[in-house]
Amino acid sequence: MNEEMHVFTVIVEQSSMNKASALLNLSQPAISRKIAKLEQELGSPLFRRIGKRLELTRIGQMTYEYALELRQLHRKYLQTVSEFTSTGHTTLTIGASLTTLQTTLPDLIQRLTSTHPEIDIKAITGKTHEIVSLVRDHKADIGIVASSIEDSTLRCIPLFEDHLSLVLPRNQVILDKGPLGIQDLTGMPMILFSKGTWYRILTDELFDKYHLQPDVRMEIDSFEAILRLLHTCRAATLLPQSYMRKQLLEDNELVIIPIRELEDTKRTTSLIHADSAALSPSVRLWINELAARFPSKKDSSL
7 MNEEMHVFTV IVEQSSMNKA SALLNLSQPA ISRKIAKLEQ ELGSPLFRRI GKRLELTRIG
67 QMTYEYALEL RQLHRKYLQT VSEFTSTGHT TLTIGASLTT LQTTLPDLIQ RLTSTHPEID
127 IKAITGKTHE IVSLVRDHKA DIGIVASSIE DSTLRCIPLF EDHLSLVLPR NQVILDKGPL
187 GIQDLTGMPM ILFSKGTWYR ILTDELFDKY HLQPDVRMEI DSFEAILRLL HTCRAATLLP
247 QSYMRKQLLE DNELVIIPIR ELEDTKRTTS LIHADSAALS PSVRLWINEL AARFPSKKDS
307 SL
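Taken in order, the sequence shown gives residues 7 to 308; the numbers are from my numbering.
Right, here's the structure in full:
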């Protein structure tokens, strides 16, 4: 912590130059010089004298509040260093919405642990608004959510854009009608994500926009379960492009059918975190690394 700022904080908390001098084991002239140096840097007096009493100026009060934040950050930093040097590991708690848990989070964790094996990663799942609350309340260091977040207490970093894709069993592809259009979804047997989830809201908005009435056979919370059931139910589904890796399609004998209108069903997967000053240096480093690894605002198969 800056020495002049530390001396200033002690003076404020002791309400006396004499007491601060004794506590810091510094002479009063030495203390006065440090305060004068700080005031010169700020370009404003920090105290006004009322008789023998010191009173903070408005700038002095602002400086003291900043000094308290600086002290808290410094203590958190020392604690992080102590934990790392004593155990060789640090902990990162990630909050993930249910959809990002199945799409983005596995790759993200793999990338982090491959480059930082010293990290112990914990994950907390929930709906998007629950993850926002966890990050805001500092119960999670960062959050990964499949939407953009507007919250004055948080910073939202867009990672990539995604859109829905029509997925069919390979042996169910309809070829005799030519390329499929958006209206071909009406009457099509489909397995969809459960109501109330972000991707289902996006899907229902699509159906309303184009007046579509698919034959909904099942509603399930698991992407994996949906894919396994497509052949059994002879049905199609709408899933995020980011989830549909080439190997996943091959293993499940599935194909993606391009439909132009589906490319407009965009949503942004984002990383959210609290004010950087409240984060440990290691968490800030990981946030910067993660943000740099994703092509911001572009479709990505990760």
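Backbone N, C-alpha and C fix where the C-beta goes; we use that ideal spot for every residue, glycine too. Given the structure is predicted, the values throughout are model-derived calculations rather than measurements.
Reduced DSSP secondary structure (H/G/I, E/B, other) of Lys43: helix
Residue span of the beta strand (DSSP E) that contains Glu19, given as start and end: From DSSP, Glu19 is part of no beta strand (DSSP E) but of the alpha helix (DSSP H) over Glu9 to Gln20.
Chain C within 9 Å of Ala28, Cβ atoms only: The question asks about chain C, but that chain is absent: this structure has only one protein chain.
Delimiting residues of the beta strand (DSSP E) encompassing Ser276: Arg273 to His279
Buried/exposed call for Asp281, threshold 16 Cβ in 10 Å: exposed
Bridge partners - Ala242, DSSP secondary structure assignment: Met196
Beta-carbon proximity check, Arg176 vs Leu260, cutoff 9 Å: yes
As assigned by DSSP and simplified to three states, the class of Asp4: The displayed coordinates of the chain run from 7 to 308. Any statement about residue 4 would go beyond what the structure contains.
Rounded C-alpha distance that separates Met194 from Gln253: 25 Å
Opening and closing residue of the alpha helix (DSSP H) in which Leu29 lies: Met23 to Leu30
C-beta contact flag for Thr110 and Thr274 at 9 Å: no
Contact the stretch 185-194 vs the stretch 66-75: 3+ CB pairs below 8 Å: no
Distance, Leu285 Cα to Ile163 Cα: 16 Å
Short Cβ contact (9 Å threshold) for Leu186 with Ile263: yes
Cβ pair Ser27, Ile37 closer than 9 Å: yes
Backbone secondary structure at Ile226 - three-state DSSP: strand
Three-state class that DSSP yields for Thr119 in the structure shown: helix
Residues of its chain near Ser228, where Cβ-Cβ distance is below 8 Å and the 5 sequence neighbours each way are ignored: Gln108
Cβ-heavy atom distance, Thr275 to the ligand GDP, below 8 Å: In the structure shown, the ligand GDP is absent, as is every other ligand, since no ligand is present at all.
Euclidean distance between Cα positions of His217 and Asp257: 33 Å
Alpha-carbon spacing of Val151 relative to Asp168, whole angstroms: 12 Å
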